[in-house]
Structure formats: structure tokens, C-alpha cells
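S.K.: In this note's numbering, the protein residues as written are -17 to 185.
In this text, a Cβ means the ideal position worked out from N, Cα and C, and glycines have one as well.
Model, not experiment: these values are computed from the prediction.
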DNA sequence: TATGAGATCCGCT
DNA sequence: GCGGATCTCATAA
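(1) Where DSSP assigns a beta bridge to residue 46, which residues make up the other side?
(2) Do you know whose CA, among 81, 167, 160, 150, lies nearest residue 29's CA?
(3) Spatial neighbours of residue 129 within its chain, please: CB distance less than 7 angstroms, with the 5 preceding and 5 following residues excluded, ordered by chain position.
(4) Since residue 101 and residue 49 should fall inside the 8 angstroms C-beta cutoff, what is the C-beta to C-beta distance between them, to a whole number of angstroms?
(5) Restricting to Cα atoms, I'd like to know which of 24, 14, 34 is closest to residue 92.
(6) Determine contact between the stretch 29 to 39 and the stretch 81 to 91, defined as no fewer than three beta-carbon pairs at a distance below 8 angstroms.
(7) How would you write the range of the alpha helix (DSSP H) that residue 92 sits in, first residue to last?
(8) For residue 141, name the three-state secondary structure that DSSP assigns.
(9) Leaving out five residues before and five after residue 179 in sequence, what residues of the same chain have Cβ atoms less than 7 angstroms from its Cβ?
(10) Just confirm the distance between the C-beta atoms of residue 159 and residue 141, as a whole number of angstroms; I'd bet it's less than 8 angstroms.
(11) Taking Cβ to Cβ, would you say residue 134 is nearer than 8 angstroms to residue 77?
(12) Which residues bound the alpha helix (DSSP H) around residue -1?
(13) Can the beta-carbon of residue 16 be found less than 8 angstroms from the beta-carbon of residue 9?
(14) In three-state DSSP terms, what is residue 185?
(15) With the cut-off set at 8 angstroms, would you say residue 171 and residue 147 are in Cβ contact?
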């Protein structure tokens, strides 16, 4: 079902533009759908923080796939992150979906995320995947015609940018895009273990 | 409210 | 063997 031709055209744009345009888009899986409020752009070889910077590996193979694919990976052993693959073949890029507002299947999302308020159901990459029920088994599937569906926003929304969260490499790139004022947007946190000086451990 | 550290698995070197 | 695009709880101010 290609009822969103705009999405295919959009995914061919530079990854930063794709990231900005994905704000307000609706990502759905099963009964649950979220309106994306926060994303981060990751490029290819020119972006040292990208998983694709070191070339194709087993884990990031989906990032080299067709635009519109889903790239899922496990982080810190327990959380799953979902990315929208963009860029042409051979030019790997992806947009990390960091947060969203649950707009459908809220009761189902609450079951998966017991004890949190509505705007926290999909706040943060790991939580968003949990609320949507996205797992590694969806890695590489199509967002155009697959278990997960992405519907582009009708128009661009006013957004703000900042450095990416938790990324140590390339801290000057302001490739995080979010909708100001949205309660579901995660609060910015700098990368851990800054290693400000050259001193070894002083425990 | 802000900061620090632990939990826990897979892929990469 | 080590680090990571995180989340949550606990403690300090």
C-alpha cells in the first residue's frame, strides 16, 4: 500500500531534512501509534557518531538497506532503539526516533509502560520501542509495507535543534530535532564519562 | 532539581 | 575483553 508517496520522496532528501520532516509523523505498530516529537539524524562515513561510520557490519546492515526500512538495534544490553533508514543505497543514513506522543492504542502502551504518565509512555528511544512493542525481530522490515507503518506529516512543523543526546563523538553537530513545548520530549543529557582531562582513573 | 552510578547484552577490535 | 545513539533509582544540594 503506497498511500504515502510523499514519504518515499521525503526519504531521498538529506538526512537532516528527513529528520526535521519526521517530526509530527505517525509511527504505528499493531494497535499502538505515536506522533514523533523528537528525532536525531545519523549520517554515514562523514558522521563519526554513526554506526555506519566504520562501514557495514552485521549489526548495522539494515542501515545500508533501502530507504524506508527499519533499523533496530539493542543498546546497553536491555533497550531497543528504532531508526528510519534514509539516503540512497551506498549512502547510509538513518534517523533515530527518540520520543513521541501516543495517539492510538494508549491502553496497550500503558500495559507495557505501567506506572508512568501518558506523556512518558514513549519518552526516550528505549521507552518508545517498548511502548510500540518494537523489537529486534523488526530490524530490516519496511515502514512502507511491513508490520510497522510510518505516515509522514502533512507539512513541516516548527522545531528546535540541539546536540545529540549521549553522543560523545561529533558533539558540535546539532542533529537533534524536537518539537518545543512537547511534554514527551526527553530532557537533554550530555554524554556520560566526559573524560575532561588526560588523567587516568583517580579512584 | 540535578548529578552519579548500576544494570545487562551484543557486536566489534 | 570492552564499550555503547539508555533508563531508572538513589543521594546530594
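M.R.: Judging by the given coordinates:
(1) BP columns for residue 46 are empty, so no partner.
(2) 150
(3) 11, 120, 123
(4) Between residue 49 and residue 101 the Cβ distance is about 30 angstroms, and since that is not below 8 angstroms, they are no contact.
(5) 14
(6) no
(7) 88 to 94
(8) coil
(9) At residue 179, the pLDDT of 40 sits below 50, so the modelled position is not reliable and the matter cannot be decided from this model.
(10) 5 angstroms
(11) no
(12) -3 to 4
(13) yes
(14) Unreliable positioning characterises residue 185 in this predicted model, as indicated by a pLDDT of 32, which lies under 50. The coordinate reading is nonetheless provided below. Coil at residue 185, not helix or strand.
(15) yes
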